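Undergrad: Take this structure first; my questions come after.
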Amino acid sequence: MKVLILSCNCGEGHNSAGKAVQEQFLHRGIPCEIRDTLSFESERASRFVGNVHTKSALYAPRLFAIGNQLAERESHGNRASVCYRANASYAGRLYRYISENGFDTVVMPHIFPTEALTCIRRRHPEAELLTCFIATDYACVPFLGETDADLYCIPHEYLRHSFAESGIPAHKIAATGIPVRDRFLSHAEKAEARARLGLPVEGQLLLVMTGSMGYGNVEALLAALRARIPAAHVLVMGGNNERLKRTLRTEFATDMQISVLDYTNEVSLYLDAADLLFTKPGGLSSTEAAVKGIPMVHTAPIPGWESDNAAFFEALGLSRTGDTPLLQADQAALLLASPAAMERMRERQRREINPHAAEDISTLLLERAEADVPGERVI
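Note that the sequence shown ends on residue 1646 in the numbering used here; no numbers are left out.
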(Lines of atoms letter the chains of each structure in order from A and count residues from 1; the text may use other names and numbers.)
(Lines give C-alpha, C1' and ligand atoms only; values in the text may rest on other atoms or scores of the structure.)
Protein backbone atom coordinates (compact mmCIF):
# COMPACT_ATOMS: atom_id res chain seq x y z
CA MET A 1 0.00 0.00 0.00
CA LYS A 2 1.27 3.47 -0.91
CA VAL A 3 -0.88 6.50 -0.16
CA LEU A 4 -1.12 9.91 -1.81
CA ILE A 5 -3.03 12.63 0.02
CA LEU A 6 -4.20 15.46 -2.23
CA SER A 7 -5.06 18.67 -0.42
CA CYS A 8 -5.69 22.29 -1.42
CA ASN A 9 -4.53 25.65 -0.04
CA CYS A 10 -8.06 27.03 0.38
CA GLY A 11 -7.99 27.31 4.16
CA GLU A 12 -5.58 25.45 6.42
CA GLY A 13 -8.18 22.93 7.61
CA HIS A 14 -7.88 20.75 4.51
CA ASN A 15 -4.10 20.49 4.94
CA SER A 16 -4.44 19.75 8.66
CA ALA A 17 -6.94 16.96 8.01
CA GLY A 18 -4.58 15.49 5.43
CA LYS A 19 -1.65 15.62 7.83
CA ALA A 20 -3.74 13.90 10.52
CA VAL A 21 -4.40 10.95 8.23
CA GLN A 22 -0.79 10.92 7.04
CA GLU A 23 0.38 10.55 10.66
CA GLN A 24 -1.67 7.39 11.06
CA PHE A 25 -0.35 5.75 7.90
CA LEU A 26 3.24 6.62 8.84
CA HIS A 27 2.66 5.15 12.33
CA ARG A 28 1.80 1.89 10.57
CA GLY A 29 4.90 2.04 8.37
CA ILE A 30 2.87 2.74 5.22
CA PRO A 31 4.44 5.23 2.76
CA CYS A 32 2.29 8.34 2.55
CA GLU A 33 2.85 11.66 0.78
CA ILE A 34 0.89 14.93 0.74
CA ARG A 35 0.70 17.10 -2.37
CA ASP A 36 -1.09 20.32 -3.26
CA THR A 37 -3.63 19.29 -5.90
CA LEU A 38 -3.65 22.52 -7.86
CA SER A 39 0.13 22.42 -8.28
CA PHE A 40 -0.53 19.80 -10.96
CA GLU A 41 -2.19 22.60 -12.92
CA SER A 42 0.64 24.99 -12.00
CA GLU A 43 2.17 26.59 -8.91
CA ARG A 44 0.83 29.90 -10.16
CA ALA A 45 -2.72 28.51 -10.37
CA SER A 46 -2.43 27.15 -6.84
CA ARG A 47 -1.30 30.51 -5.45
CA PHE A 48 -3.99 32.35 -7.42
CA VAL A 49 -6.85 30.17 -6.19
CA GLY A 50 -5.58 30.30 -2.60
CA ASN A 51 -5.27 34.10 -2.71
CA VAL A 52 -8.72 34.56 -4.25
CA HIS A 53 -10.25 32.33 -1.58
CA THR A 54 -8.53 34.19 1.25
CA LYS A 55 -9.12 37.73 0.00
CA SER A 56 -12.74 37.19 -0.95
CA ALA A 57 -13.48 35.69 2.47
CA LEU A 58 -11.68 38.51 4.29
CA TYR A 59 -12.62 41.55 2.24
CA ALA A 60 -15.69 40.59 0.21
CA PRO A 61 -17.71 38.13 2.31
CA ARG A 62 -20.94 38.93 0.47
CA LEU A 63 -19.28 38.07 -2.83
CA PHE A 64 -17.94 34.90 -1.20
CA ALA A 65 -21.48 34.00 -0.11
CA ILE A 66 -22.86 34.65 -3.60
CA GLY A 67 -20.19 32.37 -5.04
CA ASN A 68 -21.24 29.60 -2.67
CA GLN A 69 -24.90 30.07 -3.60
CA LEU A 70 -24.10 29.87 -7.31
CA ALA A 71 -22.08 26.73 -6.69
CA GLU A 72 -25.01 25.17 -4.82
CA ARG A 73 -27.33 26.02 -7.70
CA GLU A 74 -25.01 24.65 -10.38
CA SER A 75 -24.38 21.45 -8.45
CA HIS A 76 -28.00 20.43 -9.05
CA GLY A 77 -27.64 20.63 -12.85
CA ASN A 78 -27.58 17.66 -15.20
CA ARG A 79 -24.29 18.33 -16.96
CA ALA A 80 -20.69 18.31 -15.73
CA SER A 81 -20.07 21.35 -13.57
CA VAL A 82 -17.50 24.08 -14.07
CA CYS A 83 -15.77 22.64 -11.00
CA TYR A 84 -15.44 19.24 -12.67
CA ARG A 85 -14.23 20.66 -15.97
CA ALA A 86 -11.66 22.90 -14.28
CA ASN A 87 -10.15 20.02 -12.31
CA ALA A 88 -10.27 17.69 -15.29
CA SER A 89 -7.77 20.01 -17.00
CA TYR A 90 -4.84 18.68 -14.96
CA ALA A 91 -6.12 15.12 -14.43
CA GLY A 92 -3.73 13.71 -17.05
CA ARG A 93 -0.65 15.12 -15.30
CA LEU A 94 -1.95 13.93 -11.95
CA TYR A 95 -2.57 10.42 -13.27
CA ARG A 96 0.97 10.21 -14.65
CA TYR A 97 2.36 11.23 -11.27
CA ILE A 98 0.24 8.61 -9.49
CA SER A 99 1.23 5.87 -11.95
CA GLU A 100 4.93 6.71 -12.12
CA ASN A 101 5.25 6.80 -8.33
CA GLY A 102 3.28 3.63 -7.62
CA PHE A 103 0.46 5.06 -5.51
CA ASP A 104 -2.51 2.72 -5.09
CA THR A 105 -4.56 4.75 -2.59
CA VAL A 106 -5.59 8.41 -2.86
CA VAL A 107 -7.11 10.42 0.01
CA MET A 108 -8.78 13.75 -0.74
CA PRO A 109 -9.79 16.25 1.99
CA HIS A 110 -11.14 18.69 -0.64
CA ILE A 111 -13.61 18.64 -3.52
CA PHE A 112 -11.02 19.69 -6.16
CA PRO A 113 -8.91 16.50 -6.11
CA THR A 114 -12.08 14.43 -5.80
CA GLU A 115 -13.27 15.90 -9.10
CA ALA A 116 -9.86 15.23 -10.69
CA LEU A 117 -9.83 11.60 -9.52
CA THR A 118 -13.37 11.18 -10.83
CA CYS A 119 -12.12 12.29 -14.24
CA ILE A 120 -9.18 9.87 -14.00
CA ARG A 121 -11.52 7.01 -13.15
CA ARG A 122 -13.66 7.78 -16.21
CA ARG A 123 -10.69 8.08 -18.54
CA HIS A 124 -8.82 5.11 -17.10
CA PRO A 125 -11.34 2.52 -15.86
CA GLU A 126 -8.50 0.00 -15.74
CA ALA A 127 -6.72 1.98 -12.99
CA GLU A 128 -6.75 0.07 -9.72
CA LEU A 129 -6.96 2.95 -7.27
CA LEU A 130 -8.66 3.06 -3.87
CA THR A 131 -10.01 6.59 -3.39
CA CYS A 132 -11.40 8.35 -0.32
CA PHE A 133 -12.99 11.78 0.14
CA ILE A 134 -12.85 13.36 3.62
CA ALA A 135 -15.36 16.09 4.47
CA THR A 136 -13.85 18.88 6.59
CA ASP A 137 -17.09 20.78 7.22
CA TYR A 138 -20.34 19.74 8.88
CA ALA A 139 -22.22 20.01 5.59
CA CYS A 140 -22.22 18.42 2.16
CA VAL A 141 -20.30 20.67 -0.24
CA PRO A 142 -21.62 21.47 -3.74
CA PHE A 143 -20.61 19.16 -6.60
CA LEU A 144 -19.85 16.19 -4.35
CA GLY A 145 -22.74 14.24 -5.84
CA GLU A 146 -21.07 14.23 -9.28
CA THR A 147 -17.89 12.62 -7.94
CA ASP A 148 -16.99 8.94 -7.83
CA ALA A 149 -14.85 7.83 -4.89
CA ASP A 150 -14.81 4.48 -3.11
CA LEU A 151 -15.31 5.94 0.35
CA TYR A 152 -16.77 9.18 1.69
CA CYS A 153 -15.80 9.94 5.29
CA ILE A 154 -18.27 12.38 6.83
CA PRO A 155 -18.17 14.29 10.14
CA HIS A 156 -21.20 12.82 11.95
CA GLU A 157 -23.93 10.21 11.66
CA TYR A 158 -26.58 12.94 11.69
CA LEU A 159 -25.27 14.17 8.33
CA ARG A 160 -25.53 10.83 6.55
CA HIS A 161 -28.90 11.68 4.97
CA SER A 162 -27.72 14.99 3.48
CA PHE A 163 -24.72 13.31 1.84
CA ALA A 164 -26.87 10.47 0.50
CA GLU A 165 -29.43 12.99 -0.73
CA SER A 166 -26.68 14.71 -2.76
CA GLY A 167 -26.18 11.52 -4.74
CA ILE A 168 -23.53 9.62 -2.77
CA PRO A 169 -24.38 5.89 -2.61
CA ALA A 170 -25.28 5.03 0.98
CA HIS A 171 -22.89 2.07 1.16
CA LYS A 172 -19.93 4.37 0.41
CA ILE A 173 -20.59 6.70 3.37
CA ALA A 174 -18.73 6.25 6.66
CA ALA A 175 -19.49 8.55 9.61
CA THR A 176 -15.92 8.66 10.92
CA GLY A 177 -15.68 12.25 12.12
CA ILE A 178 -13.17 14.87 10.96
CA PRO A 179 -9.55 13.76 11.49
CA VAL A 180 -7.33 15.73 13.86
CA ARG A 181 -3.60 15.39 14.47
CA ASP A 182 -2.17 13.37 17.36
CA ARG A 183 -1.09 16.49 19.25
CA PHE A 184 -4.76 17.29 19.97
CA LEU A 185 -5.30 13.92 21.66
CA SER A 186 -2.95 14.72 24.53
CA HIS A 187 -4.03 16.93 27.42
CA ALA A 188 -1.85 18.98 29.75
CA GLU A 189 -3.16 20.26 33.07
CA LYS A 190 -4.14 23.91 32.86
CA ALA A 191 -1.47 25.10 35.30
CA GLU A 192 1.23 23.09 33.51
CA ALA A 193 0.17 24.42 30.08
CA ARG A 194 0.23 28.01 31.31
CA ALA A 195 3.64 27.56 32.90
CA ARG A 196 5.09 26.07 29.70
CA LEU A 197 3.71 29.01 27.69
CA GLY A 198 4.83 31.64 30.21
CA LEU A 199 1.24 32.67 31.00
CA PRO A 200 -0.26 33.73 34.35
CA VAL A 201 -1.21 30.64 36.32
CA GLU A 202 -4.09 32.39 38.09
CA GLY A 203 -7.11 34.16 36.61
CA GLN A 204 -9.42 33.63 33.67
CA LEU A 205 -7.77 33.19 30.28
CA LEU A 206 -9.75 33.60 27.06
CA LEU A 207 -8.38 32.48 23.69
CA VAL A 208 -9.52 34.14 20.45
CA MET A 209 -8.70 32.18 17.28
CA THR A 210 -9.32 33.80 13.90
CA GLY A 211 -8.12 30.92 11.72
CA SER A 212 -5.05 30.92 9.50
CA MET A 213 -6.51 33.84 7.49
CA GLY A 214 -7.23 36.07 10.49
CA TYR A 215 -10.95 36.41 9.81
CA GLY A 216 -13.63 38.19 11.86
CA ASN A 217 -14.49 41.44 13.61
CA VAL A 218 -11.86 40.93 16.28
CA GLU A 219 -11.58 44.58 17.34
CA ALA A 220 -15.26 44.75 18.25
CA LEU A 221 -15.07 41.42 20.06
CA LEU A 222 -12.10 42.55 22.17
CA ALA A 223 -13.88 45.78 23.08
CA ALA A 224 -16.95 43.77 24.11
CA LEU A 225 -14.86 41.39 26.21
CA ARG A 226 -13.15 44.26 28.00
CA ALA A 227 -16.60 45.62 28.86
CA ARG A 228 -18.23 42.31 29.84
CA ILE A 229 -15.33 40.35 31.38
CA PRO A 230 -12.79 43.03 32.34
CA ALA A 231 -10.68 40.85 34.64
CA ALA A 232 -9.95 38.18 32.03
CA HIS A 233 -6.69 38.00 30.13
CA VAL A 234 -7.31 37.64 26.38
CA LEU A 235 -4.93 35.97 23.92
CA VAL A 236 -5.53 36.60 20.22
CA MET A 237 -4.24 34.26 17.53
CA GLY A 238 -4.16 36.34 14.37
CA GLY A 239 -2.93 33.60 12.06
CA ASN A 240 -1.06 34.85 8.99
CA ASN A 241 -2.97 38.14 8.81
CA GLU A 242 -0.14 40.60 9.47
CA ARG A 243 -2.37 43.63 8.88
CA LEU A 244 -4.82 42.47 11.55
CA LYS A 245 -2.06 41.83 14.07
CA ARG A 246 -0.52 45.28 13.50
CA THR A 247 -3.91 46.94 13.91
CA LEU A 248 -4.70 45.11 17.15
CA ARG A 249 -1.26 45.75 18.64
CA THR A 250 -1.62 49.45 17.90
CA GLU A 251 -5.20 49.79 19.14
CA PHE A 252 -4.66 47.81 22.35
CA ALA A 253 -1.02 48.79 22.97
CA THR A 254 -1.73 50.09 26.48
CA ASP A 255 -4.08 47.27 27.51
CA MET A 256 -2.07 44.76 29.48
CA GLN A 257 -4.98 42.29 29.49
CA ILE A 258 -4.77 41.70 25.73
CA SER A 259 -1.92 39.87 23.97
CA VAL A 260 -1.71 39.37 20.20
CA LEU A 261 0.23 36.28 19.19
CA ASP A 262 2.05 35.48 15.98
CA TYR A 263 1.36 32.27 14.06
CA THR A 264 2.13 29.35 16.35
CA ASN A 265 2.36 25.56 16.24
CA GLU A 266 1.41 25.37 19.92
CA VAL A 267 -2.36 25.67 19.40
CA SER A 268 -3.01 22.45 21.32
CA LEU A 269 -1.15 23.72 24.38
CA TYR A 270 -2.92 27.09 24.27
CA LEU A 271 -6.25 25.24 24.22
CA ASP A 272 -5.18 23.37 27.36
CA ALA A 273 -4.23 26.66 29.01
CA ALA A 274 -7.44 28.58 28.26
CA ASP A 275 -10.74 28.60 30.12
CA LEU A 276 -12.84 29.42 27.07
CA LEU A 277 -12.33 29.70 23.32
CA PHE A 278 -13.68 32.11 20.73
CA THR A 279 -13.22 30.72 17.24
CA LYS A 280 -14.66 31.17 13.79
CA PRO A 281 -16.63 28.01 12.97
CA GLY A 282 -14.18 26.26 10.71
CA GLY A 283 -14.92 22.54 10.57
CA LEU A 284 -11.39 21.44 11.43
CA SER A 285 -10.64 24.07 14.08
CA SER A 286 -13.99 23.49 15.80
CA THR A 287 -13.35 19.74 15.83
CA GLU A 288 -9.87 20.23 17.29
CA ALA A 289 -11.33 22.38 20.06
CA ALA A 290 -14.07 19.86 20.82
CA VAL A 291 -11.51 17.05 20.98
CA LYS A 292 -9.56 19.13 23.51
CA GLY A 293 -12.78 19.60 25.51
CA ILE A 294 -12.79 23.38 25.80
CA PRO A 295 -16.03 25.39 26.10
CA MET A 296 -16.35 27.57 23.01
CA VAL A 297 -18.25 30.47 21.52
CA HIS A 298 -18.37 30.67 17.74
CA THR A 299 -17.70 34.06 16.18
CA ALA A 300 -18.86 35.32 12.77
CA PRO A 301 -18.61 32.57 10.14
CA ILE A 302 -17.17 32.96 6.68
CA PRO A 303 -20.42 32.83 4.66
CA GLY A 304 -21.21 29.35 3.41
CA TRP A 305 -20.35 26.09 5.11
CA GLU A 306 -19.03 27.74 8.26
CA SER A 307 -22.60 28.90 8.93
CA ASP A 308 -23.62 25.23 8.75
CA ASN A 309 -20.79 24.31 11.12
CA ALA A 310 -21.93 26.87 13.70
CA ALA A 311 -25.55 25.75 13.44
CA PHE A 312 -24.58 22.08 13.82
CA PHE A 313 -22.42 22.69 16.89
CA GLU A 314 -24.98 24.92 18.57
CA ALA A 315 -27.83 22.46 17.92
CA LEU A 316 -25.90 19.68 19.69
CA GLY A 317 -24.78 21.90 22.56
CA LEU A 318 -21.12 21.75 21.52
CA SER A 319 -20.76 25.53 21.37
CA ARG A 320 -22.66 28.77 21.74
CA THR A 321 -22.78 31.76 19.42
CA GLY A 322 -24.25 35.22 18.96
CA ASP A 323 -25.07 37.43 16.00
CA THR A 324 -22.82 40.27 17.19
CA PRO A 325 -19.52 40.52 19.10
CA LEU A 326 -21.43 41.90 22.09
CA LEU A 327 -23.79 38.92 22.15
CA GLN A 328 -20.82 36.57 21.78
CA ALA A 329 -19.18 38.21 24.80
CA ASP A 330 -22.46 37.84 26.70
CA GLN A 331 -22.54 34.11 25.95
CA ALA A 332 -18.97 33.78 27.21
CA ALA A 333 -19.83 35.61 30.43
CA LEU A 334 -22.80 33.31 31.01
CA LEU A 335 -20.66 30.21 30.49
CA LEU A 336 -17.86 31.41 32.74
CA ALA A 337 -20.40 32.15 35.47
CA SER A 338 -21.70 28.56 35.35
CA PRO A 339 -19.17 25.75 35.81
CA ALA A 340 -22.08 23.30 35.39
CA ALA A 341 -22.92 24.71 31.95
CA MET A 342 -19.27 24.48 30.90
CA GLU A 343 -19.08 20.86 32.04
CA ARG A 344 -22.28 20.01 30.14
CA MET A 345 -20.71 21.40 26.99
CA ARG A 346 -17.55 19.37 27.54
CA GLU A 347 -19.61 16.21 28.11
CA ARG A 348 -21.50 16.74 24.84
CA GLN A 349 -18.23 17.31 23.00
CA ARG A 350 -16.93 14.00 24.35
CA ARG A 351 -20.15 12.24 23.34
CA GLU A 352 -20.57 13.64 19.81
CA ILE A 353 -17.03 14.15 18.46
CA ASN A 354 -14.76 11.22 17.59
CA PRO A 355 -11.17 12.07 18.56
CA HIS A 356 -9.81 9.03 16.72
CA ALA A 357 -11.24 9.76 13.26
CA ALA A 358 -7.80 9.79 11.61
CA GLU A 359 -7.00 6.33 12.95
CA ASP A 360 -10.44 5.02 11.97
CA ILE A 361 -10.09 6.35 8.41
CA SER A 362 -6.67 4.77 7.95
CA THR A 363 -8.02 1.48 9.34
CA LEU A 364 -10.97 1.49 6.93
CA LEU A 365 -8.69 2.10 3.97
CA LEU A 366 -6.20 -0.54 5.06
CA GLU A 367 -9.00 -3.10 5.46
CA ARG A 368 -10.34 -2.30 2.00
CA ALA A 369 -6.90 -2.48 0.44
CA GLU A 370 -6.26 -5.87 2.04
CA ALA A 371 -9.69 -7.14 0.95
CA ASP A 372 -9.04 -5.77 -2.55
CA VAL A 373 -12.70 -4.84 -3.08
CA PRO A 374 -12.77 -1.03 -3.50
CA GLY A 375 -16.22 0.46 -3.15
CA GLU A 376 -18.04 -2.79 -2.32
CA ARG A 377 -18.08 -3.10 1.45
CA VAL A 378 -21.05 -1.66 3.31
CA ILE A 379 -20.06 0.59 6.21
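The beta carbon of each residue, even a glycine, is placed where N, CA and C say it ideally should be.
Keep in mind that this is a model prediction, so the values were computed, not measured.
When DSSP labels each residue in this structure, what does R1448 get in the three-state scheme?
TA: coil
Undergrad: At a cut-off of 7 Å, would you count P1562 as near the ligand ZN, judging by its Cβ distance to the nearest heavy atom?
TA: Ligands are entirely absent from the displayed structure, and the ligand ZN is therefore not among its contents.
Undergrad: Can you tell me whether R1587 is buried or exposed, with buried defined as 16 or more other CB within 10 angstroms of its CB?
TA: buried
Undergrad: Would you mind reading off the limits of the beta strand (DSSP E) that contains T1443?
TA: Looking at the DSSP string, T1443 is not in any beta strand (DSSP E), and its letter there is neither H nor E.
Undergrad: Return the Cβ separation of V1475 and F1410 in integer angstroms, given the expectation that the two are a contact with Cβ distance under 8 Å.
TA: Between F1410 and V1475 the Cβ distance is about 33 Å, and since that is not below 8 Å, they are no contact.
Undergrad: How is the beta strand (DSSP E) around E1300 delimited, first residue to last?
TA: 1299-1303
Undergrad: What does the alpha-carbon distance come out to for the pair L1271 and M1612?
TA: 37 Å
Undergrad: List the residues that DSSP assigns as beta-bridge partners of L1473.
TA: DSSP lists V1501, L1543 as partners of L1473.
Undergrad: For S1552, count neighbouring C-beta atoms within 10 Å of its own C-beta (all shown protein chains included) and say buried if the count is 16 or more, exposed if not.
TA: Of the residues assessed, S1552 falls on the buried side of the cut-off, its CB having 16 or more other CB atoms within 10 angstroms.
Undergrad: Could you tell me the alpha carbon to alpha carbon distance between N1276 and G1285, rounded to whole angstroms?
TA: 12 Å
Undergrad: Which residues does DSSP pair with H1565 in a beta bridge?
TA: T1546, T1588
Undergrad: Just tell me which of A1636, E1290, A1490, G1550 has its CA closest to the CA of D1522.
TA: A1490
Undergrad: Taking all protein chains shown into account, decide if A1599 is buried (16 or more other Cβ within 10 angstroms of its Cβ) or exposed.
TA: buried
Undergrad: Since S1366 is in the alpha helix (DSSP H), which residue starts that stretch and which ends it?
TA: 1358-1367
Undergrad: Would you kindly work out how many angstroms separate the C-alpha atoms of A1494 and G1549, rounded to a whole number?
TA: It is roughly 27 Å from the alpha-carbon of A1494 to the alpha-carbon of G1549.
Undergrad: Apart from the five residues on each side of it in sequence, which residues of its chain come closer than 8 Å, Cβ to Cβ, to D1529?
TA: G1505, K1512
Undergrad: Since Y1419 is in the beta strand (DSSP E), which residue starts that stretch and which ends it?
TA: 1418-1421
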